[in-house]
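Here's the structure we're looking at; comments come further down.
In the working numbering, the protein residues as written are 1158 to 1782.
Below you can see the structure in the form of structure tokens.
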């Protein structure tokens, strides 16, 4: 086998990229992180892992559990009590930090950085023989590691001694063999299969010297393109119903586009729609709203605030697909686009011309994005995800609201996958979202960490978007009950919410949950949230606040949770029952909201400002001023 060249043809020259990036804030950040890695202090999933001098690649450091070298199919990797939390073990062995060391070496020329990179790689290769142990139990993790090694070879392969280069390429080849025979066609035909196929195609494309490379390229490419058709819906949303995994999927598909260069027109159309969906979801700071699971990982450069990962994705796709309105700032280009694409030498001087997307309804996702000035409201009125819905939350009719950079209503996050089943179900359960809970029931039944049964029936009835108003009417049916939510955004500063709950005879416990982004302060008619919003409740006397306790928690990163504020309206009543809620962002907010049923409609009156009438059938009538 001929020795593949380094740098690899088909990717930008790394020396030129490094030269263009020296002296930037990005370069300084890479050097800072590299210094931590040199001390074996690894930024992982929002926390820092300190391993000491010797790295134990199969060890869950938090639990003190280290698994052995069983054949990979015989290791109970999903049992955290026996094998440790696989997510944290796998993350270090993705070797994305070694890619960062390679980048830091190119930016600084410091040989100790290169020496540490090689030493860690040799250590891993020695301690993780082919097909043995935790780090071979997931094809997706093998794919992530293979992609990292591709980048390492591209960036610094020319600096490897001949014997090390031979060993490195032989191990990389074994990753390709593994992927060829272990694609997740049946086990996880979602982002797992997608990532594996992207890696297999990359190996076949960039290393044509490998035996079987042409087959890998064809198989990987065929799989990626078929998954674009299967996983991405017409409105651009990804079928797992997770905003975070949507970004993952875009990066996978975009990197394939970079290497394949020519793809079917339908592929480019779908990729463009995916990025359009992401562009609509992000706020004015480029932050991703959390919907569904968020594991803190990333396809490339998993550092920084993970709710801002979408910025680099938008920047990359802005250059790749020639859509300048997606570039929020030229400072978003160095993280990813600069290393993937042959950008003009002065790309850091590109002018950003971002535009705020309009309000929009995404029918396949069941997501409504309402916008006016600094206010963004997102209503998740969609079903749970495809199949077992492993990365979905039971969050139908969840409402997320931001004002500028302030979270008014937020999603508390994910916290854990397999480390603690009770907390896994708590964070993905209905009570952890801004919606209604009936008799303490989740909208679906958890059946393991990545499976739901008895999914709710979701029905969309009406969507309207005009210059002065956005309106959504949707319902969720489960366990014999129906929750209908109507949201009317009277632009620019009033959001009316009407919740209607119907179901069997007898008394039932109805809970309305609101997860504010800051401490709610009692005020006339409800609560003040931050400095910009007044929350008004028709059942204000039944509202309770808490901090921590059962459902008042937030997770900003996997494995980390913190107490958070919660507003909970509780009523024991016969059905049907209705709740009216108003968010007032005006400089002189109202002090009271009243709900009245008359003439076959529900009247929501806002003291001093007017009313909205919701007919029992559908639609609305608004009179303000």
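Each residue gets a CB set at the ideal place from its N, CA and C atoms; glycine is no exception.
Along the alpha helix (DSSP H) that carries residue i, what are the first and last residues, could you check?
i: residue 1279; result: 1268-1284
i: residue 1244; result: 1243-1250
i: residue 1310; result: 1296-1313
i: residue 1189; result: 1182-1195
i: residue 1671; result: Residue 1671 -> not in any alpha helix (DSSP H); beta strand (DSSP E) instead, spanning 1664-1671.
i: residue 1258; result: 1253-1265
i: residue 1171; result: 1171-1178
i: residue 1237; result: 1237-1240
Along the beta strand (DSSP E) that carries residue i, what are the first and last residues, could you check?
i: residue 1785; result: In this structure the chain extends from 1158 to 1782, so residue 1785 is not present and cannot be described.
i: residue 1527; result: 1524-1529
i: residue 1704; result: 1700-1704
i: residue 1126; result: Outside the modelled stretch of the chain, which goes from 1158 to 1782, sits residue 1126, for which no answer is possible.
i: residue 1691; result: 1690-1694
i: residue 1202; result: No beta strand (DSSP E) holds residue 1202; DSSP gives it neither H nor E.
i: residue 1737; result: 1734-1741
i: residue 1288; result: From DSSP, residue 1288 is part of no beta strand (DSSP E); its letter is neither H nor E.
i: residue 1712; result: 1710-1714
i: residue 1728; result: 1722-1731
i: residue 1784; result: Shown here, the chain extends from 1158 to 1782; a query on residue 1784 therefore has no answer.
i: residue 1755; result: 1750-1755
i: residue 1680; result: 1677-1680
Once you ignore the five residues that flank residue i on each side, which residues in its own chain have a CB closer than 6 Å to its CB?
i: residue 1592; result: 1554, 1555
i: residue 1558; result: 1534, 1565, 1566
i: residue 1399; result: 1449, 1450, 1548
i: residue 1499; result: 1169
i: residue 1536; result: 1525, 1556, 1629, 1644
i: residue 1778; result: 1770
i: residue 1472; result: 1484, 1489, 1490, 1494
i: residue 1197; result: 1208
Verify whether the separation of the beta carbon atoms of residue i and residue j is less than 8 Å.
i: residue 1739; j: residue 1750; result: yes
i: residue 1639; j: residue 1659; result: yes
i: residue 1744; j: residue 1682; result: no
i: residue 1787; j: residue 1580; result: Any question about residue 1787 goes unanswered here, given that the chain covers just 1158 to 1782.
i: residue 1585; j: residue 1551; result: yes
i: residue 1794; j: residue 1191; result: Lying before the first or after the last residue shown, residue 1794 is absent from the chain, which here runs from 1158 to 1782.
i: residue 1305; j: residue 1388; result: no
i: residue 1380; j: residue 1340; result: yes
i: residue 1199; j: residue 1274; result: no
i: residue 1670; j: residue 1616; result: no
i: residue 1620; j: residue 1677; result: no
i: residue 1288; j: residue 1194; result: no
i: residue 1541; j: residue 1609; result: yes
i: residue 1295; j: residue 1212; result: no
i: residue 1410; j: residue 1428; result: yes
i: residue 1151; j: residue 1382; result: Residue numbering for the chain in the displayed model covers 1158 to 1782; residue 1151 lies beyond these limits and cannot be assessed.
i: residue 1656; j: residue 1735; result: yes
i: residue 1334; j: residue 1401; result: no
i: residue 1416; j: residue 1167; result: yes
i: residue 1345; j: residue 1282; result: no
Within its chain, find whatever has a CB closer than 8 Å to the CB of residue i; leave out the 5 residues flanking it on each side and keep chain order.
i: residue 1372; result: 1337, 1361
i: residue 1666; result: 1595, 1596, 1597, 1727, 1728, 1729
i: residue 1699; result: 1726, 1727, 1728
For residue i, I'd like the list of residues in its chain whose CB is within less than 7 Å of its CB, leaving aside the five on either flank, ordered along the chain.
i: residue 1444; result: 1464, 1465
i: residue 1689; result: 1560, 1563, 1742
i: residue 1240; result: 1222, 1224, 1232, 1233, 1234, 1291
i: residue 1265; result: 1188
i: residue 1717; result: 1203, 1204
i: residue 1238; result: none
Under 7 Å: does the beta carbon of residue i sit that close to some heavy atom of the ligand SAM?
i: residue 1374; result: The ligand SAM is absent from the structure shown, which contains no ligands of any kind.
Of all Cβ atoms in chain D, is any one closer than 8 Å to the Cβ of residue i?
i: residue 1636; result: The structure shown contains no chain D; it holds only a single protein chain.
**Prompt:** Unbroken alpha helix (DSSP H) runs of length 4 or more, entirely within the region 1340-1422: which are they?
**Reply:** 1348-1363, 1370-1388, 1400-1417
**Asked** For the region 1519-1534 against the region 1590-1609, are there 3 or more C-beta pairs whose distance is under 8 Å?
**Response** no
**Item:** In chain order, each beta strand (DSSP E) run of at least 3 residues that lies wholly inside the region 1441-1478
**Value:** none
**Message:** Does the structure place the region 1749-1763 close enough to the region 1705-1720 that three or more beta carbon pairs sit under 8 Å?
**Reply:** no
**Prompt:** With a cut-off of 8 Å, do at least 3 Cβ pairs link the region 1486-1494 to the region 1512-1527?
**Reply:** In short, these stretches do not touch, since the Cβ pair count stays below three.
**Message:** In chain order, what are the residue ranges of uninterrupted alpha helix (DSSP H) at least 4 long that sit wholly in the region 1532-1590?
**Reply:** 1578-1585
**Request:** Inspect the CB distances between the region 1765-1781 and the region 1708-1723 and report whether three or more fall short of 8 Å.
**Result:** no
**Item:** Three-pair Cβ contact test at 8 Å for the region 1349-1360 versus the region 1298-1306
**Value:** yes
**Request:** Could you tell me which uninterrupted beta strand (DSSP E) segments, each at least 3 residues in length, are contained entirely in the region 1589-1645, listed from first to last along the chain?
**Result:** 1593-1595, 1614-1622, 1626-1635
**Item:** Start-end ranges of the alpha helix (DSSP H) lying completely within the region 1485-1511, minimum 4 residues
**Value:** List check, alpha helix (DSSP H) in window: 1494-1497.
**Prompt:** Is it true that the region 1275-1284 meets the region 1307-1327, where meeting means three or more beta-carbon pairs spaced less than 8 Å apart?
**Reply:** Inter-segment contact for the region 1275-1284 and the region 1307-1327 is present: three or more beta-carbon pairs are separated by less than 8 Å.
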